[in-house]
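S.K.: The sequence shown runs 116 to 778 under the working numbering.
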Amino acid sequence: MNSTSYRDDDRENIIQFCKSELTLADSVANGVYKNFKHIISTLLKNDYSIESSEEIKRDCSWFVLPCIPILDEFKRISKNFNTKLVFTSLNKLNSLIKGHKNILPREKTGRKLKTRLAEHNHINRNSNNQSIITEHRIEFDFDWENVAILDKERFLNNRAAEEALQQMLAKDPPEISWENTLGSPNGVPFDDDTKELLRKCLDVSVLPPTSVTELIRRSNVFPLKFPINAIRCAALKDRGINTDSIELNANSVYPLIHEAMLPLIARWLKHKRLYGSTVEKVMYADMGLIQFIHRLLDKRVASFCGANDRWKLLDNKSGFDAWESVGTDQEKEPLVLAKCLSYDEIKLSAMMVVSSHTEFINDGSRNNRGIVSRDPDAVQPKGVIMGVVGTRFEKPRYMEYQDIAVTPQQNNMDNGYGSAMDGTFEEKRGMRILWAKFYGEDYHPLYDETVKRMKSKENRRYISLGNQLIFDIENYMKRTLLSVEIILLEANSRAEKQNTTAFLHVVGFGLGVWKVIQDQEVYFLKTFEIAIKKMNKKLKYVSDIMFAYFRQQKCGGAGNGDYLGDIKIHFALREPHSRLFRAKDSSKLLVVTYASDGNTLPGNEFWVGSLETSGDPAAACSTQITELHNSKINPRACGASLHVASAEHGILHISDYAKLHLT
Numbered sequence: 116m117n118s119t120s121y122r123d124d125d126r127e128n129i130i131q132f133c134k135s136e137l138t139l140a141d142s143v144a145n146g147v148y149k150n151f152k153h154i155i156s157t158l159l160k161n162d163y164s165i166e167s168s169e170e171i172k173r174d175c176s177w178f179v180l181p182c183i184p185i186l187d188e189f190k191r192i193s194k195n196f197n198t199k200l201v202f203t204s205l206n207k208l209n210s211l212i213k214g215h216k217n218i219l220p221r222e223k224t225g226r227k228l229k230t231r232l233a234e235h236n237h238i239n240r241n242s243n244n245q246s247i248i249t250e251h252r253i254e255f256d257f258d259w260e261n262v263a264i265l266d267k268e269r270f271l272n273n274r275a276a277e278e279a280l281q282q283m284l285a286k287d288p289p290e291i292s293w294e295n296t297l298g299s300p301n302g303v304p305f306d307d308d309t310k311e312l313l314r315k316c317l318d319v320s321v322l323p324p325t326s327v328t329e330l331i332r333r334s335n336v337f338p339l340k341f342p343i344n345a346i347r348c349a350a351l352k353d354r355g356i357n358t359d360s361i362e363l364n365a366n367s368v369y370p371l372i373h374e375a376m377l378p379l380i381a382r383w384l385k386h387k388r389l390y391g392s393t394v395e396k397v398m399y400a401d402m403g404l405i406q407f408i409h410r411l412l413d414k415r416v417a418s419f420c421g422a423n424d425r426w427k428l429l430d431n432k433s434g435f436d437a438w439e440s441v442g443t444d445q446e447k448e449p450l451v452l453a454k455c456l457s458y459d460e461i462k463l464s465a466m467m468v469v470s471s472h473t474e475f476i477n478d479g480s481r482n483n484r485g486i487v488s489r490d491p492d493a494v495q496p497k498g499v500i501m502g503v504v505g506t507r508f509e510k511p512r513y514m515e516y517q518d519i520a521v522t523p524q525q526n527n528m529d530n531g532y533g534s535a536m537d538g539t540f541e542e543k544r545g546m547r548i549l550w551a552k553f554y555g556e557d558y559h560p561l562y563d564e565t566v567k568r569m570k571s572k573e574n575r576r577y578i579s580l581g582n583q584l585i586f587d588i589e590n591y592m593k594r595t596l597l598s599v600e601i602i603l604l605e606a607n608s609r610a611e612k613q614n615t616t617a618f619l620h621v622v623g624f625g626l627g628v629w630k631v632i633q634d635q636e637v638y639f640l641k642t643f644e645i646a647i648k649k650m651n652k653k654l655k656y657v658s659d660i661m662f663a664y665f666r667q668q669k670c671g672g673a674g675n676g677d678y679l680g681d682i683k684i685h686f687a688l689r690e691p692h693s694r695l696f697r698a699k700d701s702s703k704l705l706v707v708t709y710a711s712d713g714n715t716l717p718g719n720e721f722w723v724g725s726l727e728t729s730g731d732p733a734a735a736c737s738t739q740i741t742e743l744h745n746s747k748i749n750p751r752a753c754g755a756s757l758h759v760a761s762a763e764h765g766i767l768h769i770s771d772y773a774k775l776h777l778t
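1. Locate the alpha helix (DSSP H) running through A646, then write down its first and last residues.
2. For I585 versus M569, is the C-beta distance shorter than 8 Å?
3. Using CA atoms only, rank isn't needed, just tell me which of R314, H685, T715 is closest to G676.
4. Based on the DSSP secondary-structure assignment, which residues constitute the bridge partners of P370?
5. Verify whether the separation of the beta carbon atoms of A663 and R694 is less than 8 Å.
6. Would a C-beta distance cut-off of 8 Å place I392 and D436 closer than the cut-off?
7. Would you call the CB atoms of N590 and Y554 closer than 8 Å?
8. Does F586 come out as helix, strand or coil in the three-state DSSP assignment?
9. Where I405 and G671 are concerned, what is the direct C-alpha to C-alpha distance, given to the nearest angstrom?
10. What is the DSSP secondary structure of R425, counted as helix, strand or coil?
11. Report back the beta-carbon spacing between K593 and I356 to the nearest angstrom; my notes put them in contact at under 8 Å.
12. Where does L211 fall in DSSP's three states?
13. Determine, using beta carbons only, whether L313 and H776 come nearer to each other than 8 Å.
14. In the structure shown, what three-state DSSP assignment does M501 receive?
15. What are the start and end residues of the alpha helix (DSSP H) that includes S770?
16. Between which two residues does the alpha helix (DSSP H) harbouring V321 extend?
17. Does the Cβ of W177 have 16 or more other Cβ atoms within 10 Å, making it buried, or fewer, making it exposed?
18. Taking Cβ to Cβ, would you say A752 is nearer than 8 Å to H744?
19. In this structure, does DSSP put D444 in helix, strand or coil?
20. C420 by DSSP, collapsed to three states: which one?
21. Please classify A762 as buried or exposed, where buried requires at least 16 other C-beta atoms within 10 Å of its C-beta.
22. May I have the straight-line CA-CA distance separating L330 from R489, to the nearest angstrom?
23. Smallest Cα separation from N295: which of W438, M376, I346?
24. When we look at the beta-carbon of R332 and count the other beta-carbons within 10 Å, is it buried (16 or more) or exposed?
25. Who are the near neighbours of E611 in its chain, counting only those whose CB is closer than 6 Å to its CB and skipping five residues on each side?
26. Could you pull the start and end residues of the beta strand (DSSP E) that L705 belongs to?
27. If you reduce the DSSP assignment to three classes, tell me which class Y458 lands in.
28. Can you grab the Cα-Cα spacing for the pair F407 / H373, in whole Å?
29. Please state if the CB of P370 and the CB of V108 are separated by a distance shorter than 8 Å.
30. Any chance the segment 602-616 sits against the segment 555-562, with 3 or more Cβ pairs inside 8 Å?
31. Near K774, which residues of its chain fall below 8 Å by C-beta distance, leaving aside the five closest residues on each side in sequence?
32. In its own chain, which residues sit with a C-beta less than 7 Å from the C-beta of N530, not counting the 5 before and 5 after it?
33. Would you give the residue range spanned by the alpha helix (DSSP H) that I519 belongs to?
34. Just list the alpha helix (DSSP H) runs in the segment 737-770, keeping only unbroken ones of 4 residues or longer that don't cross its boundaries, in chain order.
35. Would you be able to state if there are at least three C-beta pairs under 8 Å between the segment 712-724 and the segment 417-430?
36. Does DSSP classify I682 as helix, strand or coil?
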């Protein structure tokens with residue numbers, strides 16, 4: 116009604132119509148309507164000061180009518196009098212807008228900070244159809260350092276400022292510092308439980324080399340059917356791949372853990388012996404590190420995926436859900452601890468990397484389906500492959516969700532969260548404490564405590580995802596950093612043994628269906644920058660890192676073609692096993708990663724015939740991992756082959772690592 120396009124006589128006609136219509140309201144709404152009639156009568160008596168027939172003054176009075184059905188008549192009235200209605204909102208501009216687009220320059224609209232943030236987020240949406248907001252915002256960057264709060268919304272208090280901080284955290288990850296070297300000053304404590312765990316590893320020796328004949332024999336009796344055969348040892352041999360090369364690949368396999376995991380595993384086993392379920396106490400009574408690592412490799416299922424845990428066992432039984440009961444006193448066949456890994460075990464298994472040399476039969480693209488490349492010159496013939504597991508947020512209250520996501524349903528005293536004075540049962544609290552200590556904290560905070568931390572001006576750690584879900588940036592980066600350090604140290608070690616440098620191909624492990632935040636890539640990539648700066652002098656044999664198929668194009672502060680230390684950073688849509696064509700790269704060792712799972716055989720969906728659903732089956736269709744990284748087929752894929760990654764000492768076999776610290 117305050118549109119500059121209303122004529123004075125039109126205004127009176129509208130008011131008279133409303134007044135007459137309001138008298139027809141039923142008795143239920145009489146009280147409300149009386150107020151409206153009073154307002155309208157007052158308006159009729161007022162002498163509106165009009166400068167012209169086309170425009171009213173800026174300082175005119177405003178009033179708001181509630182949205183009740185009778186006011187729909189305004190639409191009909193506006194048509195009858197050839198007028199346009201104007202709707203305003205809390206985030207209105209200083210002048211009226213008759214469309215969706217702001218007619219003022221972008222920098223001078225006076226839009227509230229909340230609106231600016233919404234527009235800024237909108238531009239990053241992955242969409243081919245740009246809206247008016249996007250077109251209005253295109254190519255306009257915020258000067259975040261000089262953002263000023265122009266006003267404060269009455270009902271939201273400091274919410275605009277909080278949203279600005281949250282937006283900044285989403286684009287500018289914190290610089291975390293985590294000294295995770297075992298036994299170093301301010302590092303991971305080398306306690307008695309860890310020493311005892313290592314003491315039992317002093318005399319561990321690597322198993323004798325296996326042979327192609329043995330590999331083929333064990334593969335032929337493997338209980339699951341291979342959906343394709345092109346990557347099996349027998350097929351490679353038939354196509355003329357040298358037997359010595361196949362055996363070298365098979366005997367190069369070993370599982371890898373970070374040295375920071377040793378105290379964690381020691382405390383974990385101790386806790387299960389004291390407070391675990393009846394079946395857990397029996398299972399772990401005399402279990403050492405080597406036996407435990409072998410169990411994590413040997414008790415994996417064929418396939419395990421989805422939020423409802425669709426599973427397939429090696430005996431071809433399948434189903435979904437009920438995995439939470441494994442290892443509890445309520446477990447039922449076939450999902451029992453004697454045959455399967457519990458969720459607590461899978462969480463540790465996901466922190467382990469499996470590495471080996473391998474043949475490549477094609478470029479490893481998502482849809483390669485195991486078809487041998489017709490152009491051998493387009494594919495790197497061999498290299499090193501590592502199975503790396505990312506953080507899984509697909510299932511609330513399990514896996515990394517317990518340490519990185521914060522919700523009121525999870526982060527409460529009943530589940531073992533909070534400080535010691537809060538007090539909970541040791542069965543739950545003890546498990547939360549040992550994980551908190553792994554992340555360098557005394558405990559995982561309660562939800563309310565986290566909310567207070569998040570709202571503080573000093574917050575650089577927590578970001579709200581809505582629906583009472585808070586993301587712990589620091590813990591996510593620490594968990595990712597653990598895997599990143601293993602990857603970098605392993606690539607360096609493999610290249611050093613080949614007397615060359617590594618061209619490391621990195622995929623976004625944990626950044627597919629498992630991710631929980633849109634900008635998770637930013638934090639993921641930042642951990643590589645942190646790890647490289649920390650270990651630069653130890654990475655003399657890593658020359659290049661290729662980040663493939665990333666939406667973000669910055670590794671911390673380094674973009675495509677930039678250097679972090681002596682390592683050149685690349686971003687490209689590159690397939691993992693593509694030939695290194697540049698002359699200076701031709702002699703480099705190609706080291707590739709693929710996103711694997713902590714509870715399945717290499718390939719995961721591969722074993723149910725889904726060959727293109729993720730990077731896991733794609734790697735299974737193009738490399739030797741389905742046989743060589745499979746403890747049921749390759750005897751060298753076992754606990755006795757365990758190696759430890761250390762920022763100080765590099766990659767060492769577990770017995771050598773134990774001797775280094777204990778003798």
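All C-beta atoms, glycine included, are put in the ideal place defined by N, C-alpha and C.
M.R.: Judging by the given coordinates:
1. The continuous alpha helix (DSSP H) containing A646 extends over residues 635-650.
2. Yes, the pair counts as a contact, with Cβ atoms nearer than the cut-off.
3. Minimum Cα distance to G676 is reached at H685.
4. Answer is V469.
5. Not closer than 8 Å, so no.
6. The question names Ile, yet the displayed sequence has Ser at residue 392. No, the Cβ-Cβ distance between S392 and D436 is not below 8 Å.
7. A contact, by the Cβ cut-off of 8 Å.
8. Three-state result, F586: strand.
9. Using only the alpha carbons, I get a separation of about 37 Å.
10. The answer is strand: DSSP assigns R425 an E or B state.
11. In fact, because the Cβ distance is near 41 Å, the residues do not count as touching under 8 Å.
12. Its pLDDT being 45, under 50, L211 is placed unreliably by the model, and nothing is read from it.
13. The answer is yes: Cβ separation under 8 Å.
14. If DSSP states are grouped into helix, strand and coil, M501 belongs with the strands.
15. For S770, the enclosing alpha helix (DSSP H) starts and ends at 769-777.
16. Boundaries cannot be given for V321, as no alpha helix (DSSP H) includes it and DSSP labels it neither H nor E.
17. The predicted position of W177 is uncertain, since its pLDDT is 43 and thus under 50; no value can be drawn from it.
18. Yes, Cβ-Cβ distance for A752 and H744 is below 8 Å.
19. Coil.
20. Residue state, collapsed to three classes: strand.
21. Buried, by the Cβ-count rule.
22. The alpha-carbon separation between L330 and R489 amounts to approximately 27 Å.
23. The candidate whose alpha carbon is nearest that of N295 is M376.
24. In the assembly as shown, R332 is an exposed residue. Its beta-carbon has fewer than 16 other beta-carbons within 10 Å.
25. Y656.
26. For L705, the enclosing beta strand (DSSP E) has its first and last residue at 704-710.
27. DSSP, reduced to helix, strand and coil, places Y458 within a helical segment of the structure shown.
28. Roughly 15 Å between the two C-alpha positions.
29. Shown here, the chain extends from 116 to 778; a query on residue 108 therefore has no answer.
30. Judged by pairs of C-beta atoms under 8 Å, the segment 602-616 does not touch the segment 555-562, as fewer than three such pairs exist.
31. Listed in chain order, the non-local C-beta contacts of K774 below 8 Å within the same chain comprise L317, local neighbours out to five positions each way being set aside.
32. Sequence-distant Cβ neighbours of N530 in its own chain, meaning closer than 7 Å and more than five residues away, are K543.
33. For I519, the uninterrupted alpha helix (DSSP H) run begins and ends at 516-519, by DSSP.
34. Whole alpha helix (DSSP H) segments, 4+ residues: 740-743.
35. Using a Cβ-Cβ distance cut-off of 8 Å, the segment 417-430 and the segment 712-724 are in contact, since at least three pairs of beta carbons, one from each stretch, lie closer than that value.
36. In this structure, I682 counts as strand in the three-state DSSP scheme.
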